[in-house]
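Q: Just dropping this structure here.
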Amino acid sequence: MAENPDFGVVWRGYHRGQVEQCLEELRAELAEAVASHEAAVSQVEDLEKQVAVLLEDNQELQEALDRVCQTPIEPDGLTERLRHMMELARLEATEIRATAHAQRERDEQRRKQTELDFELAMSARRREALHSIEVRKAEAAAEVERILAEARARSEEAEDLRAQIVSQLEAANKILEEDRVTAEVAGEA
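Basically the numbering used here = 1-based index in the sequence shown + 3.
So, in C-alpha cells, the structure goes:
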C-alpha cells in the first residue's frame, strides 16, 4: 500500500488522478486480502474433507474389528501358536486404533490452528487497513484546515488591502473635490 501519499493540491481539493490511483491501490489490496481469505477457507475445507475421510475409514475399521472381536473363540480350541497370533493381532489392532485416534486429534488441532491463524491474519489486515484509512483521513483533515487557515489569512489580507484602497480613494476624492471648489472660486474671482 502506498504510504503517506502526497496529493497535489489544485484549485478546489486534491488532484483527482492521485486520489483515484490511491483508491485503486486500496482496492487491489482488498482484492488480495479477499483472495487470501478464499484460499485459506478452501484449505480449511480440504482439511475438513480429509479428516472426514479418515474418520470414515477409522469407523469402518472399528466396525470390522468389533465384528471380529464379538465372535467368540474358544481358547481351548486354539493352539498355543494361534493364541499368540491372536494376541499379537489384538495388540496391533489396539495400536492401529491409537495411531488413528492420535492422527485424528492432530488433524483436528491443525485445522483449528489454521482457522485461528487465518482469523488473526485477517484481523491484523483489517486493523492495518483501518489504521491507514484513519491516518489518511487525519492527514486530509489537517490539510483542509491548513488550506482554510491560509484562505482566511489571504481573505483578511485582501480585506485590509481593500480598506486601504477605499481610504486612499476617499482621500483622493476629497482632495479632488477641494481642488475643484478652489478652481471654481478662483474662476469666479
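We put the beta carbon where it would ideally sit given N, CA and C, even for glycine.
Rounded to the nearest angstrom, what separates Gln21 and Glu173 at their Cα positions?
A: Roughly 49 Å separates the two Cα atoms.
Q: Contact between the segment 104–111 and the segment 50–64: three or more CB pairs below 8 Å?
A: With the cut-off at 8 Å, the segment 104–111 and the segment 50–64 touch.
Q: Nearest-angstrom Cα distance between Ile136 and Glu142?
A: The straight-line gap from Cα to Cα measures roughly 10 Å.
Q: Rounded to whole angstroms, what's the CA-CA distance from Leu26 to Arg129? Just pull it up for me.
A: The alpha-carbon atoms of Leu26 and Arg129 are separated by roughly 16 Å.
Q: In terms of alpha-carbon separation, which member of Met125, Ala43, Gln62, His18 lies closest to Leu33?
A: That would be Met125, whose Cα lies nearest to the Cα of Leu33.
Q: Assuming Leu50 contacts Thr97 (C-beta within less than 8 Å), just tell me the rounded distance between them.
A: Actually they are not in contact, since the Cβ atoms of Leu50 and Thr97 sit about 27 Å apart, beyond 8 Å.
Q: Please return the same chain residues whose Cβ sits closer than 6 Å to the Cβ of Val54, not counting the five positions on each side in sequence.
A: Once the five neighbours on either side are set aside, the close Cβ partners of Val54 are Asp110.
Q: Arg114 and Val44 look like a contact to me (Cβ under 8 Å); what is the Cβ gap, rounded to whole Å?
A: Wrong, their Cβ atoms sit about 12 Å apart, outside the cutoff.
Q: Pick out whichever of Glu153, Val147, Leu64, Ile168 has its Cα sitting closest to the Cα of Thr102.
A: Out of Glu153, Val147, Leu64, Ile168, Leu64 has the C-alpha closest to the C-alpha of Thr102.
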